[in-house]
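First up is the structure itself, then whatever we jot down about it.
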Amino acid sequence: MQTKNPIMGLCQQASFLISAAKVDQCPDDLGYEVAFAGRSNAGKSSALNTLTHASLARTSKTPGRTQLLNFFRLDDERRLVDLPGYGYAKVPIPLKQHWQKHLEAYLGSRESLRGLILMMDIRHPLTEFDRLMLDWSGASRMPMHILLTKADKLAFGAAKNALLKVQQEIRKGWGEGVSIQLFSAPKRQGVEEAQAVLAEWLGLGQAAEVEER
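FYI, my numbering numbers position 133 of the sequence shown as 525, with every residue one higher than the one before it.
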């Protein structure tokens with residue numbers, strides 16, 4: 393029997409909850425939270441919208457528009473968080489420093505955070521920011537799942553080779569605790585695989601097993 397991922401029902405009722413410039417403005421630190429991170433041009437908002445079948449995150453032709461921690465409600469216990477995009481040259485230095493400070497405070501203090509989805513452009517993976525996030529994930533033992541976005545920009549064979557290359561480098565530098573996949577928002581490639589990770593982190597794995605029986 394084919395299992396319907398329970399995350400889909402929640403995503404259909406997803407709604408914007410709050411934007412926070414500082415950690416003390418975040419919702420109560422209860423339940424389950426999954427955060428989405430990535431450089432400003434890695435296709436983070438497109439990935440978030442594609443995974444939820446909703447226009448939750450604003451997509452923009454100008455990278456670097458996500459300047460706050462944006463929380464989206466799935467139900468009373470579960471949230472998704474769109475983290476500030478990093479690495480865009482035209483963002484003023486003081487603003488970058490503000491983001492860095494409050495992103496670190498959020499990542500280091502949030503008890504309800506169950507996992508981090510990190511977006512990397514398949515053509516430019518493992519940037520300095522990506523490596524910092526991997527270091528933090530390893531040090532804090534926070535589960536991380538990487539989406540190699542814009543996989544449709546490469547031929548299938550080239551995309552597979554890129555995946556294997558990044559996979560090998562991550563295993564060498566950060567061990568086996570990080571999972572990784574190909575992803576394309578326009579082609580909807582890798583959506584079900586990523587949704588399965590979300591469901592597990594959001595405590596929905598048992599619901600899927602019950603339905604399968």
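All C-beta atoms in this analysis are idealised placements derived from N, C-alpha and C, irrespective of residue type, glycine included. Source: prediction; values computed, not measured.
Same chain, Cβ closer than 7 angstroms to residue i, five either side skipped, listed in chain order
{"i": "residue 583", "result": "442, 443"}
{"i": "residue 502", "result": "421, 425"}
{"i": "residue 523", "result": "none"}
{"i": "residue 495", "result": "475, 476"}
{"i": "residue 446", "result": "403, 406"}
{"i": "residue 452", "result": "With a pLDDT of only 48 at residue 452, under 50, the local geometry of the prediction cannot be trusted, and the value read off the model is given with reservation. No residues qualify anywhere along the chain."}
{"i": "residue 591", "result": "397, 398, 399, 597, 600"}
{"i": "residue 401", "result": "none"}
Spatial neighbours of residue i in its chain, beta-carbon cut-off 8 angstroms, leaving aside the 5 residues before and after
{"i": "residue 534", "result": "499, 505, 507, 508, 528"}
{"i": "residue 469", "result": "422, 423, 424, 595"}
{"i": "residue 525", "result": "429, 508, 510, 536"}
{"i": "residue 418", "result": "410, 412, 461, 463, 498, 502"}
{"i": "residue 569", "result": "529, 530, 533, 535, 536"}
{"i": "residue 561", "result": "518"}
Same chain only: Cβ atoms within 6 angstroms of residue i, ignoring 5 sequence neighbours per side
{"i": "residue 558", "result": "517"}
{"i": "residue 563", "result": "none"}
{"i": "residue 589", "result": "537"}
{"i": "residue 457", "result": "Reliability fails at residue 457, whose pLDDT of 49 lies under 50, so the model's placement of it is uncertain and the value that follows must be treated cautiously. Around residue 457: no qualifying Cβ."}
{"i": "residue 593", "result": "426, 506, 507"}
Bridge-paired residues (DSSP) for residue i
{"i": "residue 583", "result": "Paired residue(s): none; residue 583 is not in a bridge."}
{"i": "residue 420", "result": "DSSP, once it has assigned bridges, lists no residue as partnering residue 420."}
{"i": "residue 428", "result": "474, 509"}
{"i": "residue 410", "result": "463"}
{"i": "residue 573", "result": "539"}
Identity of the residue in the options nearest residue i by Cα
{"i": "residue 547", "options": "538, 406, 566, 514", "result": "514"}
{"i": "residue 596", "options": "521, 542, 466, 526", "result": "466"}
{"i": "residue 578", "options": "537, 430, 431, 542", "result": "542"}
{"i": "residue 399", "options": "471, 519, 462, 437", "result": "471"}
{"i": "residue 532", "options": "437, 544, 497, 560", "result": "497"}
{"i": "residue 530", "options": "408, 521, 565, 473", "result": "565"}
{"i": "residue 473", "options": "492, 436, 560", "result": "436"}
{"i": "residue 438", "options": "492, 512, 489, 486", "result": "512"}
Integer-rounded CB distance, given that residue j should sit under 8 angstroms from residue i
{"i": "residue 464", "j": "residue 406", "result": "5 angstroms"}
{"i": "residue 586", "j": "residue 539", "result": "6 angstroms"}
Subject >> Sufficient close CB pairs (3 or more, under 8 angstroms) joining the region 406-423 to the region 569-583 >> reply: no
Subject >> Touch test, the region 536-552 against the region 565-580, Cβ-Cβ under 8 angstroms, three pairs minimum >> reply: yes
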